[in-house]
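J.: Count along the first sequence from 1, add 14, and you get the number used in my numbering.
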Amino acid sequence: MSGKSSAIGKGDRLILVDGSSFVFRAFFQSMNQDAKYNYRSDGLPTGALRMFCVKLWQFIREGAAGVKPTHLAIVLDKSEGSFRREIYPEYKGHRPDAPEDLKRQMPLMRDAVRAFGLIPVELERYEADDLIAAYAREAAAAGAEVVIVSADKDLMQLVGPHVRFYDFESGIKGKNGYRPERNLDVEGVIERWGVPPEKIADVLALTGDTSDNVPGVPGIGPKTAVQLLEQFGDLETLLERAGEIRQPKRRETLIENADKARLSRKLVLLDEKAPVPVPLADLTLAEIDAQKLIAFFKAMEFTTITKRVATEYDIDLNAVEADPELARGGDSAGESGAAGEVGLAEGDPQASPERLVKQRREEAQGLKIDREAYECLRDRDSLDKWIADAREAGIVALDTETDSLSAHSAELVGISLGLPDGRACYIPLQHRGGSDLFDETGLVKGQIPLDDALAALKPLLEEPGTLKIGHNFKYDWLVLARYGIETAPVDDTMLISYVLDAGRGGHGMDDLAERHLGHTTIKFAEVAGSGKKAVSFDRVGIEEATSYAAEDADVTMRLWRVLQPRLAAEAKMSVYQTLERPLVPVIACMERRGIKVDRQILSRLSSDFAQTLTRLEEEIQEDAGERFSVSSPRQIGEILFGKLGLPGGKKTPSGQWATPASALEELAEQGHPLPAKILEWRQQAKLKSTYSDALPNYMDEKGRVHTSFSLAATTTGRLSSSEPNLQNIPVRTPAGRKIRAAFVPEKGMKLISADYSQIELRILAHIADIPQLRKAFADGIDIHAATASEMFDIPLAEMTSEYRRRAKTINFGIIYGISAFGLANRLGIGREEAGAYIKQYFERFPGIRDYMEETKTYCREYGYVSTIFGRACHYPAIRAGNANERMAVERQAINAPIQGSAADIIRRAMIRMEDALSGSKLHAQMLLQVHDELIFEVPEDEVDQTIPLITRIMREAPHPALTLKVPLEVEARAADNWDEAH
DNA sequence: TTCTAAGCG
DNA sequence: GGTTGCCGCTTAGAAT
């Protein structure tokens, strides 16, 4: 386009786009769209880029702020270090990092600009703002009209008779419906700032600018600054005559901070003299090369904008091929060249997701895994070579080996890497034994010093341009985080498998290798031994460790190549990108924090329980007339139903007497003292063994307990918690709540518990679209009472607790896939009566019967059901021949969309929570999730601000993807222990 | 390792 | 025509 150059002049119109703020805006706008539009089929985030292109296309064709351009420039920041850093090192100092997904698509922005036939304008040592200033002045001086497109208020300095400032609306609305300024002329600037554009730098010099870390003068805000400038004319005059200021305090700070103000002005003042790297004349808009633009869009997998361009230029879409070369990311060799290529079918730009899936599967089955070829890296040179290769590939599988199973305390023993070409290596770091020679520190010889290796690996593991692949990466993330490495971006093959195949089998690496690669992995026990002979991994010989560890990385990479393409092909990209991937660091941080437990409380409880147990045991044995083990259900059964001949005994599937609580309760109601005592004993024994005795063993030196949440353990999308399970801490009985009360905040802090009220019933009302339930929820009426009123024809005002209780049981039964038998059992009524209830329920709420029937039919046909966010839960056994089994699976299928949708909602809330809190400068920390409840630890003086924020994030969690037909309600409370907070 | 019971949502 | 039976988890202890 430089061939058509002509100098700018009167009648010309120039749009100057502040590239980085533009792409930021674009990113947040893209976040308001369904996630499926924001990722390419290889998982690369492209949402910001898509919005960027849509807007750029719009500016070129239609103009911005009512100005249709003859010239246009996208101006970028070349690097972090501008000349402002040289005069003030703290400039833009503590800026939060851009979101991970945005960072990954940044390199492609220049490609997008070029695809439009434009030149990305950037210059070393200068910020985009300075170049925009220089262009704006030059163009305005020549008589052209200028529009500056930016979200950065600093650029409002440049507004003048021929220069406007334009900010297109951010996708995210702030508090009080705040919207950024847009389309400002000189009048608009004066209205916004109280001063004309040329004085903005003076204002900022006084007030400072927190976002850029410009100091300013302490205690001077915008109001005072404007007033002072009105009084004295400009900053220099003000500073010279500061002695004349009446207010003593203000006078002193201004005199004292005069230099700071001058420095601040230098920082905020834009450098109009910046040497522009591209002459204005070369910014003339030429006709777009639509073929090239479409080829780029196709490589990015944009659809709507691609069609729009094709229509505009009357081009046959199918005749244009995607050109991955146009979307390489970065402009020179060596700079994260792979960001635009990751996962694309090699040399086949037309590969459809389905073909790619097939190709990868065949490839995986054809490629033999060769353990002999794994490398063991024992010196820096070979490690550096591997790091370079990983960088070149843009993708690397990663696995850590440690000396214990707990990610919170394990020491790093080694790291393995795997590449897409099937190469894999192991880097031993802290092996201490086996048959290898070791030195005086106990470390086996021939290992790269840990610090050296980590220093070399850290940039690779943290850089946005190289995708890391892990399996159950939360573990590795936690281990590496303790060595100061925050790995990103990461794909997790366990989570990809979970999204694709929940319900179809395990998601452990061994399972997946068998299933997808037909490969049997070396088992951990084979190298480390099992039972008494088991050793920790640092005692495993390095050669053996290499085949085991490198294989893990190798298999992980191969699994990724097989599974990842299925995300796009099976329309599961959104689920993976919005509900799974971002949750890994969130959960990891929660686990790392742990929750404090009061050891004394537990130890006292243990003694209390022990005492009660002894007493009960004696009474029980006396009543039974013999000594036996109360903890043995079989012996209990033999005593109650055999020896004492109590009525109504049932057998378990294995033929022994069944003694569940419900059976014992029934006997107790009939007046038998023994079953009641056994029940009591069992409760106390459970509380003692599982909680008061066991929990202290999990406490760290600070008295905190770190559970492990599993993200891929359930069929429905719920999390699970283990070692210890903190999702089943007692709450239903007074004795149990004493355990819960042992969970406490740190001094000066409170615990906040926030839980969704009736979330599953609300989801049922939404999915099945039940008018009465929707109305009851909308009106905030007690839902069980409303159900009872509808079912039993009793006005709400006359509702009795008994009818409400029955309705409540029925409501729960419905969620679980009700049966007359089950309901009868629960309510202690006859089967006929229970059947009549169900019949009546379905007559009043026919939509629920429809939902149940449709769900069963759907599941039978497709083998899976889905949550409202598209998570699939597979039930292959739905076609089982056995009627009982089939009915059981049908109930699961009915329940899964309800339970799973609730799980999705709280996942969304959790993912947003951290940013929302830190964005509001609050220090609350999320500690636990218990399915519909989140537990936080919060500084006492922030409780009042934190509760509304948490509540809002949880209530609004389905947005913007979905708007439920019922409101979500959240109850939150702060207290000094978990029992009181709940 | 499997079964039974009990803790939670 | 008898049987079984309400969803999702983890842990402890006994029995195998």
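Beta carbons: idealized from backbone N, C-alpha and C, even for Gly.
I think PRO953 touches HIS937, with their Cβ atoms under 8 Å apart; what is that distance to the nearest whole Å?
T.: Translated into the one-based positions of the first sequence, residue 953 becomes position 939. Translated into the one-based positions of the first sequence, residue 937 becomes position 923. Correct: roughly 5 Å between the Cβ atoms.
J.: By the three-class DSSP mapping on this structure, what secondary structure does SER767 have?
T.: Locating residue 767 in the first sequence gives position 753, where the first residue counts as 1. Reduced to three states, the DSSP call for SER767 is strand.
J.: Which residues does DSSP pair with ALA142 in a beta bridge?
T.: What you label residue 142 is simply residue 128 of the first sequence in a count that begins at 1. None; ALA142 has no bridge partner.
J.: Would you give the residue range spanned by the beta strand (DSSP E) that ARG446 belongs to?
T.: Along the first sequence, one-based indexing puts residue 446 at 432. First-last for ARG446: undefined, no H or E at that position.
J.: Please report the distance separating the alpha-carbon of LEU433 from that of ASP568.
T.: What you label residue 433 is simply residue 419 of the first sequence in a count that begins at 1. What you label residue 568 is simply residue 554 of the first sequence in a count that begins at 1. Distance between the alpha carbons of LEU433 and ASP568 is about 7 Å.
J.: DSSP state of ARG496, grouped into three classes?
T.: As a first step, residue 496 must be located in the first sequence, where it is residue number 482. Coil, per DSSP.
J.: For TYR489, count neighbouring Cβ atoms within 10 angstroms of its own Cβ and tell me buried if that reaches 16, exposed if not.
T.: The residue given as residue 489 occupies position 475 in the first sequence. TYR489 comes out buried.
J.: Leaving out five residues before and five after HIS533 in sequence, what residues of the same chain have Cβ atoms less than 6 Å from its Cβ?
T.: Along the first sequence, one-based indexing puts residue 533 at 519. Closer than 6 Å at the Cβ level, and outside the excluded window around HIS533, lie ILE383, ALA527.
J.: Which same chain residues end up closer than 7 Å to ASP26 when comparing Cβ atoms and leaving out the 5 residues on each side of it in sequence?
T.: For the purposes of this step, residue 26 is taken as residue 12 along the first sequence, with counting starting at 1. Cβ within range, chain order: THR84, HIS85, ALA158.
J.: Pop quiz: VAL37 and ALA78 are said to be a contact at Cβ under 8 Å. What is the actual Cβ separation, rounded to whole angstroms?
T.: Locating residue 37 in the first sequence gives position 23, counting from the first residue. Locating residue 78 in the first sequence gives position 64, counting from the first residue. At roughly 15 Å, the Cβ-Cβ gap does not stay under 8 Å, so VAL37 and ALA78 are not in contact.
J.: Check GLN943 in the structure and name its three-state DSSP category.
T.: As a first step, residue 943 is located in the first sequence; it is residue number 929 there, counting from the start. If DSSP states are grouped into helix, strand and coil, GLN943 belongs with the strands.
J.: Can you tell me whether DSSP reads VAL163 as helix, strand or coil?
T.: The sequence position of residue 163 within the first sequence is 149, counting from 1. Of the three classes helix, strand and coil, the one that applies to VAL163 here is strand, per DSSP.
J.: Short of 6 Å in beta carbon distance, which residues of its chain neighbour ALA756, apart from the five on each side in sequence? Order them along the chain.
T.: To locate residue 756, count along the first sequence from 1; it is residue 742. Result list for ALA756: VAL611, ASP612, ILE615, LEU616, in chain order.
J.: What residues in its chain sit with their C-beta under 8 Å from that of ALA971, if we drop five residues either side in the sequence?
T.: As a working mapping, residue 971 is identified with position 957 in the first sequence. Once the five neighbours on either side are set aside, the close Cβ partners of ALA971 are ILE919, ILE920, ARG922, ALA923, ARG926, LEU982.
J.: Three or more beta-carbon pairs under 8 Å between the region 148–155 and the region 278–289, yes or no?
T.: Contact holds: three or more Cβ-Cβ distances are below 8 Å.
J.: What do you get for ASP144, buried or exposed, if any count of 16 or more other CB atoms within 10 angstroms of its CB means buried?
T.: In the first sequence, the residue the question calls residue 144 occupies position 130. Buried, since its Cβ has 16 or more Cβ neighbours within 10 Å.
J.: Out of LYS665, MET571, PRO661, LEU297, state which residue places its alpha-carbon closest to the alpha-carbon of GLN684.
T.: Looking up residue 684 in the first sequence gives position 670. The shortest Cα separation from GLN684 among LYS665, MET571, PRO661, LEU297 belongs to PRO661.
J.: Distance, Cα to Cα, ARG437 vs TRP574?
T.: Against the first sequence, residue 437 aligns to sequence position 423. Against the first sequence, residue 574 aligns to sequence position 560. Distance between the alpha carbons of ARG437 and TRP574: 14 Å.
J.: Would you kindly report the start and end of the unbroken beta strand (DSSP E) that includes SER430?
T.: Residue numbering aside, residue 430 sits at position 416 when the first sequence is read from its first letter. That run of the beta strand (DSSP E) goes 426–432.
J.: Hey, quick one: how far does the beta strand (DSSP E) through PHE179 stretch, first residue to last?
T.: The residue given as residue 179 occupies position 165 in the first sequence. Taken as a continuous stretch (DSSP letters only), the beta strand (DSSP E) holding PHE179 covers 177–180.
J.: Out of curiosity, what's the CA-to-CA distance linking GLU244 and ARG98?
T.: Counting from one through the first sequence, the residue named residue 244 turns up at place 230. Counting from one through the first sequence, the residue named residue 98 turns up at place 84. Cα to Cα, GLU244 sits roughly 28 Å from ARG98.
J.: What residue range is occupied by the uninterrupted beta strand (DSSP E) comprising PHE723?
T.: By one-based count along the first sequence, residue 723 stands at place 709. It spans 722–724 - the beta strand (DSSP E) in which PHE723 sits, taken as one unbroken run.
J.: In chain order, what residues of the same chain lie with their CB nearer than 7 Å to the CB of LEU701, ignoring the 5 residues before and after it?
T.: One-based indexing of the first sequence puts residue 701 at position 687. The answer, listed in chain order, is PHE623, PRO744, ALA749, GLY750, ILE753.
J.: If I measure Cβ to Cβ from VAL903 and keep anything under 6 Å in the same chain, skipping five residues before and after, which residues do I get?
T.: Here the question's residue 903 lines up with position 889 in the first sequence. Hits under 6 Å: TYR889, ALA891, ILE892.
J.: Quick one: give me the first and last residue of the beta strand (DSSP E) that TYR851 is part of.
T.: Sequence index remark: in the first sequence, residue 851 carries index 837 (1-based). Not the beta strand (DSSP E): TYR851 falls in the alpha helix (DSSP H), residues 845–858.
J.: Got a sec? Which residues, its chain only, sit under 7 Å from LYS117 by beta carbon, not counting five neighbours each side?
T.: Walking along the first sequence from the start, residue 117 turns up at place 103. Correct list, in chain order: PRO478.
J.: Along the chain, where does the beta strand (DSSP E) that runs through TYR878 open and close?
T.: Position 864 of the first sequence holds residue 878. From DSSP, the beta strand (DSSP E) with TYR878 extends over 878–880.
J.: Can the beta-carbon of SER550 be found closer than 9 Å to that of ALA563?
T.: Translated into the one-based positions of the first sequence, residue 550 becomes position 536. Translated into the one-based positions of the first sequence, residue 563 becomes position 549. Contact flag unset, no.
J.: Is it true that the CB of ALA295 sits closer than 9 Å to the CB of ALA272?
T.: If you number the first sequence from 1, residue 272 lands on position 258. If you number the first sequence from 1, residue 295 lands on position 281. No. Outside cutoff.
J.: Classify ASN711: buried if its beta carbon has 16 or more other beta carbons within 10 angstroms, exposed otherwise.
T.: What you label residue 711 is simply residue 697 of the first sequence in a count that begins at 1. Exposed: under 16 other Cβ atoms inside 10 Å.
J.: In the DSSP assignment, find the beta strand (DSSP E) that holds VAL371 and state where it starts and stops.
T.: The residue you call residue 371 lines up with position 357 of the first sequence. Taken as a continuous stretch (DSSP letters only), VAL371 belongs to no beta strand (DSSP E), being part of the alpha helix (DSSP H) at 367–380.
J.: Kindly list the residues whose CB is nearer than 7 Å to the CB of GLY914, restricted to its own chain and excluding five residues on each side of it in sequence; keep chain order.
T.: Taking the first residue of the first sequence as position 1, residue 914 is located at position 900. THR730, GLY731, THR881, ARG885, CYS887, listed in sequence order.
J.: If you reduce the DSSP assignment to three classes, tell me which class GLU985 lands in.
T.: Position 971 of the first sequence, counted from the start, is the residue given in the question as residue 985. Reduced to three states, the DSSP call for GLU985 is strand.
J.: If we count the other Cβ atoms within 10 Å of its Cβ and call it buried at 16 or more, is LEU358 buried or exposed?
T.: If you number the first sequence from 1, residue 358 lands on position 344. The pLDDT assigned to LEU358 is 44, lower than 50, so where the model puts this residue is not dependable, and the model offers no usable value.
J.: If I measure Cβ to Cβ from TYR878 and keep anything under 8 Å in the same chain, skipping five residues before and after, which residues do I get?
T.: Start at 1 with the first residue of the first sequence, and residue 878 comes out as number 864. Answer for TYR878: GLY517, ALA886, CYS887, HIS888, TYR889, listed in chain order.
J.: Considering only C-alpha positions, which residue in the set LYS691, GLU680, ASP796 is nearest to SER645?
T.: The sequence position of residue 645 within the first sequence is 631, counting from 1. Here the closest residue by C-alpha is LYS691.
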